[in-house]
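Reading through the structure tokens given below for one structure.
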Amino acid sequence: MAGSAASSSSGTKRKRGGAQGYYAVKVGHKPGIYYSWADVQEQTFGYSNSKHKKFNTLVEAEAFMKGETVATSKPKQTKYYAVQKGHVPGVYEDYDSAFAQIKGFKGPQHKKFDTRQEAEAFVAAGTRNPAVNGLAYAKDEVESEASMSDARNGCKVGDNVAKKRKANDGSAVTTIVNGDMDPGTGPLPPDTDDGFDRRIKLNPDTGDLRYKTEDELNARKLQNTGEYDGWIHIYTDGSCLGNGQMAAYAGVGVYFGPRDPRNISEGLPGETQTNNRAEMSAIQRALDSVAIDRKCIIHSDSQYAQNCLTKWHIKWRTNNWRTAAGKPVENKDLIEPLLKQLEERAMAGGVTKFEWVRGHNNDPGNEAADELAVNGAREATPPIPVVDGKEDGLIDVQGSKGV
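Residue numbers for the sequence shown follow UniProt numbering, beginning at 1 and rising by one.
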């Protein structure tokens, strides 16, 4: 059941406890205005063509629910980026310019402010060591982009390189240039983790170290995060076209929700193509897509996969991975890594549950996962050769659920 929806602006509003924004669900299981994203997911999950939007005020959310035009755009507020210690200290009005002054600088100090006065005061508070035109920093604290160019042109570290000036709005401080060091030979930056300098990388073409480009330094990797901390429901399925035949091709389907970027539809890797292996691989791909410490429920129509991971493996392990008949356990290469993955999740606080769902029984999540799996198998299937105007080597193209 969804959490309580927000009351109208004319009534008494429940205290939100610091929540940010109002979530209006116009089309969903239970339309209304909610305080958390978790409630929105509950009202829109599995609902075809749901419609919802987040607003900063309750008035805007109510207008959206009524179908009225909502004007939420606000004028962009200028931010001031103060660089107290960097290549060229000063106040900058965009982050890229400020970042250029702290990139590669040892022990930079910088901060963002809403007003220029605050930013200028922050820069002024850091000035010391009057030497050049009233202000300068010691040589071992200064590295500049200009000195890097000089070093590439033959100047050695320690040479008495002429002082460089960089034009700005007058707030920048003149600095002393001291050249640059070869990658991996200078002091480590303050943000070093385990003795690793994140500014350098190995050039695979030459085998030498080099400094990363600005784009490489700014690259970010998406992580699973968010305010929702409830159970994550994942539907998995496997499909094998021509299951049990030599020319079989299998596919994997993982379904998180409508238009969810984590949904997966792909062919089954490896030479052995069976439905059971596709089912196991789908569960593995699902667990790979959620954070290790998050609670999740795997909905699968494969009793084989669930029994392998919850019951049968106990005796198999004690029998050295042999069945009661003394035969080697099939698909051990998939089952063992999955069991280890489940154990690691448990140690990290990530609870994993399995729920069996009857296949092809009009369950929206299962039907969606099945479609993804079938499409994955079809994409992995090579074109059928044509001999004398007829298709040759036909296989059963139904998503078989056989062993």
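Think of the CB as a built atom: it goes at the ideal place given N, C-alpha and C, for glycine as much as any other residue.
Since the model is a prediction, treat every value here as computed from it, not as a measurement.
Reference residue i, options the options, closest by Cα
i      : options                           : result
Gly21  : Pro269, Lys30, His29 and Trp37    : Trp37
Val351 : Gln303, Ala124, Asp229 and Glu60  : Asp229
Ile297 : Arg262, Asn275, Thr236 and Leu334 : Thr236
Gln77  : Glu42, Arg116 and Tyr35           : Arg116
Tyr92  : Gly104, Lys79, Lys103 and Lys85   : Lys79
Tyr95  : Lys66, Asn375 and Asn218          : Asn218
Asn362 : Asp301, Ala305 and Asn319         : Asp301
Pro364 : Pro337, Arg285 and His233         : His233
His29  : Glu367, Pro328, Gln43 and Asp39   : Gln43
Ile33  : Gly46, His52, Glu118 and Thr185   : His52
Phe64  : Ala282, Pro31 and Asp370          : Pro31
Ile264 : Asp215, Ala286, Arg277 and Asn276 : Ala286
Cβ-based neighbour list, residue i, same chain, cut-off 6 Å, excluding 5 preceding and 5 following
i      : result
Thr57  : none
Ile335 : Cys308
Trp231 : Lys295 and Ile297
Lys345 : Just to set this straight, residue 345 is Arg in the shown sequence, not Lys. Excluding residues within five positions, the ones whose Cβ falls inside 6 Å are Ile292 and Thr352.
Residue i to residue j span [Cα, whole Å]
i      : j      : result
Tyr211 : Pro183 : 6 Å
Met280 : Ala325 : 23 Å
Ala248 : Trp356 : 26 Å
Arg378 : Val252 : 11 Å
Tyr255 : Gly104 : 43 Å
Val177 : Arg294 : At Val177, the pLDDT of 33 sits below 50, so the modelled position is not reliable; the number obtained from the coordinates is stated separately. Cα to Cα, the separation comes out at about 50 Å.
Gly257 : Glu271 : 30 Å
Gly244 : Arg259 : 33 Å
Met246 : Gly238 : 18 Å
Arg262 : Gly126 : 47 Å
Reduced DSSP secondary structure (H/G/I, E/B, other) of residue i
i           : result
Glu355      : strand
His52       : strand
Lys164      : The pLDDT assigned to Lys164 is 40, lower than 50, so where the model puts this residue is not dependable, and the model offers no usable value.
Arg345      : helix
Asp205      : coil
residue 412 : Residue 412 lies beyond the residue range present for the chain, which begins at 1 and ends at 403; the question has no answer from this structure.
Ala146      : Confidence is the limiting factor: at Ala146 the pLDDT is only 42, short of 50, which leaves the residue's position unreliable and the question unanswerable from this model.
Asp237      : strand
Ser97       : helix
His110      : strand
Glu68       : coil
Asp305      : One point to set straight first is that residue 305 is Ala, not Asp, in the sequence displayed. Note: Ala305 maps to helix in three-state DSSP.
Gly251      : strand
Burial state of residue i, where buried means 16 or more other Cβ atoms lie within 10 Å
i      : result
Gly349 : exposed
Thr274 : buried
Gln101 : buried
Trp316 : buried
Pro269 : exposed
Ile314 : exposed
Asn319 : exposed
Glu266 : buried
Pro89  : buried
Chain-order list of residues whose beta-carbon lies under 7 Å from that of residue i (same chain, five-residue window excluded)
i      : result
His110 : Tyr81, Ala82, Val83, Gln84, Gly86, Ala98 and Ile102
Pro190 : Gly107
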